[in-house]
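**Q** Throughout the sequence shown, residue numbering follows the numbering used here, covering -14 to 221 in sequence.
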Amino acid sequence: MQRNYADRVTLFKKDVIDYAFSALSIKKVAELGCIWGVDGAYGQYIHDKYAPTEVVMVDAIWNENALRLCRERKNITTVDGNFCDVSMPQRIGKVDAIIFFDILLHMVSPNWDEMLRMYADYTNAFLIVNPQFMATSTTVRLLDLGVDEYFRNIPHAPDYPIYQTVFADPYQMDAKQNKPLRDAFYIWQWGITNHDLIDKMDRMGFEPVLIQKDKLYYGKAKNFANYGFIFARSRK
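1. Mind checking GLY22: buried by the 16 CB within 10 Å criterion, or exposed?
2. Which word fits ASP33, buried or exposed, when buried means at least 16 other C-beta atoms lie within 10 angstroms of its C-beta?
3. Contact defined as beta carbons within less than 8 Å: I believe LEU195 pairs with TYR4. What is the distance between those atoms, to the nearest angstrom?
4. Report yes if the C-beta distance between ALA15 and VAL114 is below 7 Å; otherwise report no.
5. On the DSSP letters alone, give me the boundaries of the alpha helix (DSSP H) that PHE152 sits inside.
6. For a quick check, are the C-beta atoms of GLY18 and ASP44 less than 7 Å apart?
7. Which first and last residues belong to the alpha helix (DSSP H) in which LYS(-2) is found?
8. Kindly confirm or deny that the region 138 to 150 and the region 86 to 101 touch, where touching means at least three C-beta pairs closer than 8 Å.
9. Quick check on the burial criterion: 16 or more other C-beta atoms within 10 angstroms. Buried or exposed for ALA142?
10. Quick check: the Cα distance between ASP53 and THR38, rounded to an integer number of angstroms?
11. Give the DSSP-derived three-state secondary structure of LYS34 in the structure shown.
12. Who are TRP175's beta bridge partners in DSSP?
13. In or out: MET158 buried (at least 16 other Cβ within 10 Å) or exposed?
14. Where DSSP assigns a beta bridge to ASP159, which residues make up the other side?
15. For GLY25 versus CYS55, is the C-beta distance shorter than 7 Å?
16. Go to PRO116, then tell me how far its beta strand (DSSP E) extends in each direction, as first and last residue.
17. Apart from the five residues just before and just after PHE191, which ones in its own chain have a Cβ nearer than 7 Å to its Cβ?
18. Since ILE177 and PRO193 are thought to touch, with beta carbons under 8 Å apart, how far apart are those beta carbons, to the nearest angstrom?
19. Classify LEU166 as buried or exposed, calling it buried when 16 or more other Cβ atoms lie within 10 Å of its own Cβ.
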């Protein structure tokens, strides 16, 4: 039985979590999109290090290992569902912090900024780690750059299976997500700029507590840099 999550977490994301718990009062946290590639490791890390913090973990792609590891931890609540559903914020309820790790760049319909707006009234803080776009002054929809420029800007090659599927028929409906493949979360969708993210949070009443650049690089995707953010509700 796999119990150790150390090989599935990055030091950078742990540092963002640790900073948040040192700077803010967090008793209940929700992580959205917590399974792909990590099996809920960050929620488990929070549970074990910051007990008795309540951890709500939401995803639609739970697997047996992730469920087992979470159910072994009494203060973790697992939610099997799509965090894009407009009913999900109310279902989760009020929390002290929402976590989006490697999520925003994938979000279309609802878009990344709409997703933040959905949850803003239900939390006092956001923890965000996301590949940020450095090549333009404003956020871009990467697919709008055209095929050649798209693949010059992301770390994957055109022969990567999911991209072959998407580009073969981009308007084919994805049954699981009920949206065209070109809008599905399987692929890189956005080049989000720091300015636009910070501005969006400011307009919703959140101010930056942490803005930190990671040392992680994305191979040929030189226009992206990994950033960690903590935003807290403004006291103004």
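Where is the CB? At the ideal position from N, CA and C, for every residue including glycine.
**A** Checking against the coordinates, here is how it stands:
1. So GLY22 ends up on the exposed side.
2. So ASP33 counts as exposed.
3. Yes, LEU195 and TYR4 are in contact; Cβ-Cβ is about 5 Å, under 8 Å.
4. With contacts defined as CB atoms closer than 7 Å, ALA15 and VAL114 fail to qualify as a contacting pair.
5. Run containing PHE152: 146 to 153, per the alpha helix (DSSP H) assignment.
6. Inclusion of GLY18 and ASP44 in the CB contact set at 7 Å is warranted, their separation being smaller than that value.
7. From DSSP, the alpha helix (DSSP H) with LYS(-2) extends over -4 to 8.
8. No, the region 138 to 150 is not in contact with the region 86 to 101.
9. Per the 10 Å Cβ criterion, exposed.
10. Note that residue 53 is Arg in the sequence shown here, rather than Asp. Taking the straight line joining both Cα atoms gives about 19 Å.
11. The answer is helix: DSSP assigns LYS34 an H, G or I state.
12. As DSSP reads the structure, TRP175 sits in a beta bridge with ARG126.
13. So MET158 ends up on the exposed side.
14. In the DSSP assignment, ASP159 forms a beta bridge with LYS164.
15. In this structure, CYS55 lies closer than 7 Å to GLY25 by Cβ.
16. Counting along the chain, the beta strand (DSSP E) containing PRO116 begins and ends at 110 to 118.
17. Sequence-distant partners of PHE191 (beyond 5 residues in either direction) whose C-beta falls short of 7 Å from its own C-beta, in its chain, are PHE111, PHE216, ALA217, ARG218 and SER219.
18. Rounded, the Cβ-Cβ distance is 15 Å, inconsistent with contact.
19. Buried is the call here.
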